[in-house]
Amino acid sequence: MRPPSGRIGCALTLSIFASIGLTIVYALGGQTQLEGLLLFVALGGIAVALVGWAHNFLPKGPFEQSREERMAKPVAETEAEESFEAGADVVGRRYFLVRMLGLAVAALGAAAVFPVRSLGTRPGRSLSVTSWRTGRRLVTEDGRPIKAADVIEGTLLTVFPEGHTDAMDSQTILVRLPQQIVKPLPGREDWSPDGIIAFSKVCTHAGCPVGLYNEESHRLFCPCHQSVFDVLKAAKPIAGPANRALPQLPIRVDTGGYLVARSDFHEPIGPSFWSIDHA
Amino acid sequence: MLRKLARWIDDRLGTSRFVEESLNKIFPDHWAFLLGEIALYSFVVLVLTGTFLTFFFTPSLTQHIYHGTYAPLHGVKVSDAYNSVVNLSFQVRAGLVMRQTHHWAALVFIAAMVVHLCRIYFTGAFRRPREINWMIGVTMLLLGIFNGFSGYSLPDDLLSGTGVRIMYSVLLSVPIVGTWLAFLIFGGDYPSTSIVSRLFVLHVMIVPAALAAMIGAHLAIIWRQKHTQFRGPGKREDNVVGPRLWPTYAFNSIGLFFGVFAVCTALGGLIQINPVWLYGPYNPSQVTSPAQPDWFMGWLEGALRIFPNFEPHIFGWVIPNVFFPAVLLPGVTFMLLYAWPFIEAKVSGDYGPHHLLDDARDRPVRTALGAATLSFYVMLFLAASNDILAKSFNVPVGNITWTFRGLVLGVPPLVGLFVHRVMRALQRDDPRRFTELPLEAVTEGD
Ligand code: FES
Numbered sequence: 010m011r012p013p014s015g016r017i018g019c020a021l022t023l024s025i026f027a028s029i030g031l032t033i034v035y036a037l038g039g040q041t042q043l044e045g046l047l048l049f050v051a052l053g054g055i056a057v058a059l060v061g062w063a064h065n066f067l068p069k070g071p072f073e074q075s076r077e078e079r080m081a082k083p084v085a086e087t088e089a090e091e092s093f094e095a096g097a098d099v100v101g102r103r104y105f106l107v108r109m110l111g112l113a114v115a116a117l118g119a120a121a122v123f124p125v126r127s128l129g130t131r132p133g134r135s136l137s138v139t140s141w142r143t144g145r146r147l148v149t150e151d152g153r154p155i156k157a158a159d160v161i162e163g164t165l166l167t168v169f170p171e172g173h174t175d176a177m178d179s180q181t182i183l184v185r186l187p188q189q190i191v192k193p194l195p196g197r198e199d200w201s202p203d204g205i206i207a208f209s210k211v212c213t214h215a216g217c218p219v220g221l222y223n224e225e226s227h228r229l230f231c232p233c234h235q236s237v238f239d240v241l242k243a244a245k246p247i248a249g250p251a252n253r254a255l256p257q258l259p260i261r262v263d264t265g266g267y268l269v270a271r272s273d274f275h276e277p278i279g280p281s282f283w284s285i286d287h288a
Numbered sequence: 022m023l024r025k026l027a028r029w030i031d032d033r034l035g036t037s038r039f040v041e042e043s044l045n046k047i048f049p050d051h052w053a054f055l056l057g058e059i060a061l062y063s064f065v066v067l068v069l070t071g072t073f074l075t076f077f078f079t080p081s082l083t084q085h086i087y088h089g090t091y092a093p094l095h096g097v098k099v100s101d102a103y104n105s106v107v108n109l110s111f112q113v114r115a116g117l118v119m120r121q122t123h124h125w126a127a128l129v130f131i132a133a134m135v136v137h138l139c140r141i142y143f144t145g146a147f148r149r150p151r152e153i154n155w156m157i158g159v160t161m162l163l164l165g166i167f168n169g170f171s172g173y174s175l176p177d178d179l180l181s182g183t184g185v186r187i188m189y190s191v192l193l194s195v196p197i198v199g200t201w202l203a204f205l206i207f208g209g210d211y212p213s214t215s216i217v218s219r220l221f222v223l224h225v226m227i228v229p230a231a232l233a234a235m236i237g238a239h240l241a242i243i244w245r246q247k248h249t250q251f252r253g254p255g256k257r258e259d260n261v262v263g264p265r266l267w268p269t270y271a272f273n274s275i276g277l278f279f280g281v282f283a284v285c286t287a288l289g290g291l292i293q294i295n296p297v298w299l300y301g302p303y304n305p306s307q308v309t310s311p312a313q314p315d316w317f318m319g320w321l322e323g324a325l326r327i328f329p330n331f332e333p334h335i336f337g338w339v340i341p342n343v344f345f346p347a348v349l350l351p352g353v354t355f356m357l358l359y360a361w362p363f364i365e366a367k368v369s370g371d372y373g374p375h376h377l378l379d380d381a382r383d384r385p386v387r388t389a390l391g392a393a394t395l396s397f398y399v400m401l402f403l404a405a406s407n408d409i410l411a412k413s414f415n416v417p418v419g420n421i422t423w424t425f426r427g428l429v430l431g432v433p434p435l436v437g438l439f440v441h442r443v444m445r446a447l448q449r450d451d452p453r454r455f456t457e458l459p460l461e462a463v464t465e466g467d
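Order-wise, the sequence lines are chains X and V.
With the working numbering applied, the first sequence corresponds to residues 10 to 288, in that order.
With the working numbering applied, the second sequence corresponds to residues 22 to 467, in that order.
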């Protein structure tokens, strides 16, 4: 066993070599793992040396010091209070001016809050409308319009309104169900031509894209918090934290055979907000 | 030379008295007192590595096609932010080790704060006169978590982009002001083009500055009040026992700094973290699965996953589901943390000053409450992996979710009762009552 000073010297030597090594690695173009390892040795060597030094050669005591009692010093306390009150009395004599000063500061403060308004646009109706419009074609992410015949059973397509492929509130999923099992809700009988049915892709829980589809059970899964939506029941949530059904996009087939929107969604898409029932 | 400089300064500022006092200042010694220092030093590592990163990061969401050296991304549409992070990782020498060390240091920083908070809690170090420092500490934890979240959101990758999307929904869920809140913070409807530059300013300037100021205040208060100490021979309420700041404590502490730095760099160099080039750039119509956030967000993620699909309609207004797990839960958590020193004083009627620490077994109720609370958050944390558990045990995710609902409610009371009994038992056969021994009994004679 080496004496402590020898071990400390060793640690420091290692550290020096590691630092030299770092320079070389850096000059040769760098290598992440080596850099990490050498940094560990270079820094760790100094750490070991300092702690070893303190442990072996420095006075550990224990020493003792008294703790001044800070709690009971009534004299200083009252003196501070008196000094403050003496000043406050002089100021307080100008009663009217004190009031005005308070008012001026409050008014300035209120005026200074207004720039906060510049931070964002007015919500208005933007949470209730998307870029879908009557007659707008359904296109893929790269802008290709979709014919009804392109939609194959069992696969999930993500579509956007034509010309708005970056409108993320408009992302919509498209699936084709066997015609005989589609049971549209009352009022939605003509929303799903040839069994092709479209729902908003934005999860009604916290807004993740609902991206997974199980074709046997006809269920949609949100990967974020595992909400499950039943396509056969108009995308009603059947498990997980989501509470509202995915809004359905009314679609039809136009004369060229392309899928187009009948209108925008009839309700707000995505997560709920406090005034959603009025939106 | 040094002496001359010191004299020159003293001549102008009259510092020598303070310096003399400081060098001789005594710091009680215990491994558990190092936890706060680990947090402090990982903050230093964060500032050092983070400064390097800011020189290469572009806080912008302008989109273009990637043409860097990482072939799998060629031709993919990426944002400036994502692009700069990938370039920083592959093209800047020592860039990746800095970036990964930064990320690891952030995880260590928050972990050290949490464990430090537990130490303070279980030893009763938050009691008068240390309530102010407790509240500063809780605020630093809050800021640390915020900066951890804003930091990993900056690269605009698929994983973090999903987190930002959820954050927008959470803001939206705040009753009455939620819509405006979300629009003001994000600059408008989602997706926003300004959120990364806004988070960036907060992440690199406002929050670190606030943290630095609070660390300063935290340390100044410790300095003024002097550190607490565990009960032991010669240790009393009216003294402090331990090594002096200079040189012993300083050597140990600076040694610890190098040690923390060394561990962070080793992790940063050897263990890959947040490989954003594998996740791909953020695209709001895609999502990675399974998606797991950084550990300190795990309790919130878990709460989001297992909270039932409850969304009350009250007088025509809606309280969105995410409000409960993601606004109410953290709100109540931090309120209780802030208020704890005052709640305990009120309940126990003990308003007196304390400088000697409690042994956890001597406060069975506090210890049991703390353990129960911790187990609650651990259960939420574990619930954040319900999809992974479902996959690896091949059970429906719904069953796992229901199991966790049970565990979150059932485990804490059991843990509390169990810990209470154990503490009581320990108390009964505790032979160590040596508080009255004189200091000389253990002095090593220096
Ligand atoms: S966002 Fe879909 S389940 Fe939470």
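We treat Cβ as the ideally placed atom computed from N, Cα and C, and that holds for glycine.
At a Cβ threshold of 8 angstroms, is residue i touching chain X?
i, result
"residue 306 of chain V", "yes"
"residue 104 of chain V", "no"
"residue 359 of chain V", "no"
"residue 467 of chain V", "With a pLDDT of only 37 at residue 467 of chain V, under 50, the local geometry of the prediction cannot be trusted, and the value read off the model is given with reservation. Residue 467 of chain V counts as touching chain X."
"residue 295 of chain V", "no"
"residue 247 of chain V", "yes"
"residue 157 of chain V", "no"
"residue 263 of chain V", "yes"
"residue 398 of chain V", "no"
"residue 330 of chain V", "yes"
"residue 148 of chain V", "no"
For residue i, tell me which candidate among the options has the shortest Cα-Cα distance.
i, options, result
"residue 205 of chain X", "X:16, X:217 and X:227", "X:227"
"residue 211 of chain X", "X:276, X:200, X:145 and X:181", "X:181"
"residue 202 of chain X", "X:215, X:185 and X:194", "X:185"
"residue 266 of chain X", "X:235, X:190, X:146 and X:276", "X:146"
"residue 288 of chain X", "X:135, X:187 and X:122", "X:135"
"residue 194 of chain V", "V:130, V:339 and V:253", "V:339"
"residue 150 of chain V", "V:243, V:426, V:235 and V:291", "V:243"
"residue 223 of chain X", "X:62, X:162, X:257 and X:42", "X:162"
"residue 297 of chain V", "V:248, V:427 and V:183", "V:183"
"residue 66 of chain V", "V:281, V:364, V:349 and V:395", "V:281"
"residue 45 of chain X", "V:434, V:29 and V:285", "V:285"
"residue 245 of chain V", "V:209, V:435, V:376 and V:33", "V:376"
When the distance is taken between beta carbons, is residue j closer than 8 angstroms to residue i?
i, j, result
"residue 107 of chain V", "residue 96 of chain V", "no"
"residue 238 of chain V", "residue 157 of chain V", "yes"
"residue 213 of chain X", "residue 279 of chain X", "yes"
"residue 78 of chain V", "residue 91 of chain V", "no"
"residue 342 of chain V", "residue 250 of chain X", "yes"
"residue 178 of chain V", "residue 303 of chain V", "yes"
"residue 24 of chain X", "residue 50 of chain X", "yes"
"residue 140 of chain X", "residue 170 of chain X", "yes"
"residue 175 of chain V", "residue 224 of chain V", "yes"
"residue 147 of chain V", "residue 63 of chain X", "no"
Under a CB-based cut-off of 8 angstroms, is residue i close to chain V?
i, result
"residue 141 of chain X", "no"
"residue 154 of chain X", "no"
"residue 227 of chain X", "no"
"residue 132 of chain X", "yes"
"residue 150 of chain X", "yes"
"residue 26 of chain X", "no"
"residue 167 of chain X", "yes"
Distance cutoff 8 angstroms, beta carbons only. Does residue i sit that close to anything in chain B?
i, result
"residue 32 of chain X", "Among the protein chains of the structure shown, namely X and V, there is no chain B."
At a Cβ cut of 9 angstroms, what residues of the region 337-350 of chain V count as close to chain X, listed as they run along the chain?
Cβ contacts with chain X come from 337, 338, 339, 340, 341, 342, 343, 344, 346 and 347.
Members of the region 252-283 of chain X near chain V, C-beta cut-off 9 angstroms
For chain V, the residues of the region 252-283 of chain X that bring a beta carbon within less than 9 angstroms of one of its beta carbons are 252, 253, 279, 280, 281, 282 and 283, in chain order.
What residues in the region 88-104 of chain V bring their beta carbon closer than 8 angstroms to a beta carbon of chain X?
Answer set for the region 88-104 of chain V: empty.
Of all the residues that make up the region 31-59 of chain V, which are near chain X by a beta-carbon distance shorter than 9 angstroms?
Considering only beta carbons, the part of the region 31-59 of chain V lying closer than 9 angstroms to chain X consists of 45, 46, 47, 49 and 50, in chain order.
Under 7 angstroms (Cβ pairs) to chain X, residues found in the region 360-371 of chain V
So nothing in the stretch comes that close.
Give, in chain order, every residue of the region 308-323 of chain V whose Cβ lies closer than 9 angstroms to some Cβ of chain X.
From the region 308-323 of chain V, only 308, 309, 310, 311, 312 and 322 have a Cβ closer than 9 angstroms to chain X.
Proximal residues, the region 176-205 of chain X versus chain V, C-beta separation under 9 angstroms
Residues 177, 178 and 180.
Give me the subset of the region 39-65 of chain X whose CB atoms are less than 7 angstroms from a CB atom of chain V, sorted by chain position.
If the cut-off is 7 angstroms between Cβ atoms, the region 39-65 of chain X has 39, 41, 42, 44, 45, 46, 48, 49, 52, 53, 55, 56, 59, 60, 62 and 63 near chain V.
Counting only runs that start and end within the region 311-338 of chain V, where is the alpha helix (DSSP H) found for 4 or more residues in a row?
DSSP runs (the alpha helix (DSSP H)) wholly in the region 311-338 of chain V: 319-327.
Which runs of the alpha helix (DSSP H) at least 4 residues long sit entirely within the region 384-458 of chain V? Give them in chain order.
If only uninterrupted alpha helix (DSSP H) runs of at least 4 residues are considered, those enclosed by the region 384-458 of chain V are 385-404, 407-414 and 418-449.
Which ranges would you report for the beta strand (DSSP E) in the region 175-235 of chain X if only whole runs of at least 3 residues count?
Runs of the beta strand (DSSP E) inside the region 175-235 of chain X: 181-185, 205-209, 221-223 and 228-230.
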